[in-house]
Amino acid sequence: MLNKVKYINYTLEEEGMKIICIGRNYAEHAKEMKAAVPTEPVFFMKPDTALIKGNEPFYYPDFSKEIHHEVELVIKMSRAGKHIEPEFAHKYYEEIGIGIDFTARDIQAKCKEKGLPWEKAKSFDGSAPIGNFVNKRTFTDLNNINFLLTINGKSVQKGNTKDLLFSFDKVISYISKFVTLKTGDLIFTGTPEGVGEVKKGDVLEAFIEKESLLKFEIK
Ligand code: MG
4 MLNKVKYINY TLEEEGMKII CIGRNYAEHA KEMKAAVPTE PVFFMKPDTA LIKGNEPFYY
64 PDFSKEIHHE VELVIKMSRA GKHIEPEFAH KYYEEIGIGI DFTARDIQAK CKEKGLPWEK
124 AKSFDGSAPI GNFVNKRTFT DLNNINFLLT INGKSVQKGN TKDLLFSFDK VISYISKFVT
184 LKTGDLIFTG TPEGVGEVKK GDVLEAFIEK ESLLKFEIK
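Each residue of the sequence shown is one higher than the one before, starting from 4 at the first, in the working numbering.
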């Protein structure tokens, strides 16, 4: 349940912020990708040039013919930390938002075939639109947050954090074993099932509970 929603004006002026994305964090999505359900978190990164803010449009890139949407809840780090224990991870973020992990699925398939890294398919400019953030205290239970993506008003992806394989706290703890997390870093926490193609002219709108937090056009 989302109580009183209070928008937070995010500022991403923090220099050197990074975007970390969790792969296959919902079992049903791993299945639809014909991928194994992981026994530990899988993560990759996007650069700050991947961000789209303020409901600006996404320009369909000419290097792909198959751009997929992946709607994901996004954690914004409020403190820096390394080797964060899961039981303290909740102290390192205050805000939760929603974003799209755009994926050039055709390129990703080729990368996977050859066992190559995914950056070309995942980390291109504009591949991470993000919406407004809300304070996590507006949620009565972080392990029961509904989120939704619609395209042209039609529901395409529905998720609930109760289905996460690795909770927000576990994800933060795991990433911080390898990479120092800094204030302003964003963590895309994984997509539920229902990923699919977007087309020029589509309008994507993402919701947490009933609240619209992101809306933009594919151009
Ligand atoms: Mg994803």
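Glycine is no exception: its CB is placed at the ideal position from the N, C-alpha and C atoms.
Quantities reported herein were computed from a predicted structural model and do not represent experimental measurements.
Residue i classed as buried or exposed, judged by whether at least 16 other C-beta atoms fall within 10 angstroms
i: Thr183; result: exposed
i: His32; result: buried
i: Lys79; result: buried
i: Glu200; result: exposed
i: Asp144; result: exposed
i: Leu207; result: buried
i: Ala209; result: buried
i: Lys125; result: buried
i: Gly57; result: exposed
i: Phe91; result: exposed
Where residue i falls: helix, strand or coil (DSSP)
i: Lys218; result: strand
i: Phe142; result: strand
i: Ile87; result: coil
i: Ser170; result: coil
i: Tyr177; result: helix
i: Lys49; result: strand
i: Ile148; result: coil
i: Lys68; result: coil
i: Ala38; result: coil
i: Tyr95; result: helix
i: Glu31; result: helix
i: Lys79; result: strand
i: Thr186; result: coil
i: Lys245; result: The requested residue 245 is not part of the displayed model; the chain covers only 4 to 222.
i: Lys157; result: strand
i: Thr194; result: coil
i: Glu73; result: coil
i: Glu200; result: strand
i: Glu43; result: coil
i: Phe212; result: The displayed chain sequence assigns Glu, not Phe, to residue 212. Glu212: coil per DSSP, three-state reduction.
Selected residue, minimal CA-CA separation from residue i, among the options
i: Val74; options: Ile190, Ala83, Leu151, Ile175; result: Leu151
i: Ala112; options: Thr141, Asn149, Ser67; result: Ser67
i: Gly204; options: Ile22, Tyr63, Lys161; result: Tyr63
i: Ser130; options: Ile103, Leu167, Gly57, Ile190; result: Ile103
i: Leu168; options: Glu43, Val198, Ile55; result: Glu43
i: Phe46; options: Leu189, Phe210, Glu212; result: Leu189
i: Ile55; options: Ile101, Asp166, Lys180; result: Ile101
i: Gly19; options: Ala38, Tyr29, Asp51; result: Asp51
i: Arg140; options: Glu59, Ile99, Lys85, Pro89; result: Ile99
i: Lys180; options: Lys85, Tyr95, Phe91; result: Lys85
i: Val198; options: Lys173, Glu116, Thr153; result: Thr153
i: Asn147; options: Gly162, Gly156, Asp65, Asn155; result: Gly162
Expected contact under 8 Å - CB spacing of residue i and residue j to nearest Å
i: Ala83; j: Thr186; result: 6 Å
i: Thr192; j: Phe171; result: 6 Å
i: Lys202; j: Ile221; result: 7 Å
i: Ile70; j: Met48; result: So it is not a contact: roughly 19 Å between Cβ atoms.
i: Ala53; j: Asp128; result: 6 Å
Cβ contact (3+ pairs, closer than 8 Å) linking the region 206-220 and the region 126-140: yes
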